[in-house]
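>
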Amino acid sequence: MIPDNIDINALARDLEDDAVAMGTAMREQYPAMEEELSRIAEDAADGEFGTLGYVVLDNTPAVTADLRDIAQELVNTTSFDTVAVRSPGSGAVVSDIHTRASLEAAQQEMLGTPDYVEGASLLVRDVTTSPLASIDWAQMALVGGVGLAIVIVIALIFARRQPMETHVN
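Quick note: the sequence shown uses the working numbering, first residue 2, plus one each step.
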């Protein structure tokens with residue numbers, strides 16, 4: 002759920018300007034952060050990551066799971082493939098193009114650093130170098146299904162070859 006104090010439309014407009022949306026207090030406390038995060042977003046778009054929108058909130062919502070809802074809504078309403086939302090106590094990342102597994106692995110390191118700029122850089126690096134990102138899950142499901150079908154056919158063949166035993170008392 003999106004908290005009442007979060008204006009998704011304002012965040013979306015701010016993201017579309019320079020790929021970064023920051024709370025007023027964070028912008029005042031760290032005046033260079035927006036430019037640094039914007040540069041990381043540009044590098045991500047120029048590389049293999051895709052488009053990245055980065056939101057820095059002044060406060061952590063009472064329910065930290067709301068950060069994921071905010072990120073999801075911004076992915077849905079902006080032109081970004083991936084949106085990361087950071088707050089002083091947590092964060093979340095949602096993407097239309099990266100696997101949940103690669104995001105979860107990268108998000109852990111991103112959240113492990115209190116430096117938001119370094120965390121953003123780690124997120125981009127970890128997602129683009131993750132072996133989980135290159136797995137074609139549809140192909141894996143197809144191979145698994147074919148393998149299962151082969152096992153079933155072999156089991157049926159062996160079951161029919163077994164002579165039926167009758168017990169006479």
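Just so it is clear, CB atoms sit at the ideal spot from N, CA and C, and this is done for glycine as well.
I'd like to know whether the C-beta atoms of Val64 and Leu75 end up nearer to each other than 9 Å.
no
> Rounded to a whole number of angstroms, what is the C-alpha to C-alpha distance between Ala66 and Thr83?
17 Å
> Can you find the residues in the same chain that come closer than 8 Å, C-beta to C-beta, to Ile41, ignoring five residues on each side of it along the sequence?
Leu53, Tyr55, Val118, Ala121, Ser122 and Val125
> Give a yes or no on whether the C-beta atoms belonging to Leu12 and Phe81 are separated by under 9 Å.
No; because the gap between Cβ atoms is not below 9 Å, this pair is not in contact.
> Determine the extent of the beta strand (DSSP E) in which Val56 is found, giving its start and end residues.
Leu53 to Val57
> To the nearest angstrom, how far is the alpha carbon of Glu29 from that of Asp97?
32 Å
> In the structure shown, what three-state DSSP assignment does Met2 receive?
coil
> Return the CA-CA distance between Asp156 and Ala107, expressed in angstroms with no decimal places.
It should be pointed out that residue 156 corresponds to Ala in this sequence rather than to Asp. Their backbone Cα atoms lie some 42 Å apart in a straight line.
> Using the C-alpha atoms, what's the distance from Ala45 back to Gly51?
6 Å
> With burial defined as no fewer than 16 other Cβ atoms inside 10 Å of the residue's Cβ, what is the status of Ala20: buried or exposed?
buried
> May I ask you to check if the CB of Ala85 is nearer than 8 Å to at least one heavy atom of the ligand ATP?
No copy of the ligand ATP appears in this structure; indeed no ligand is present at all.
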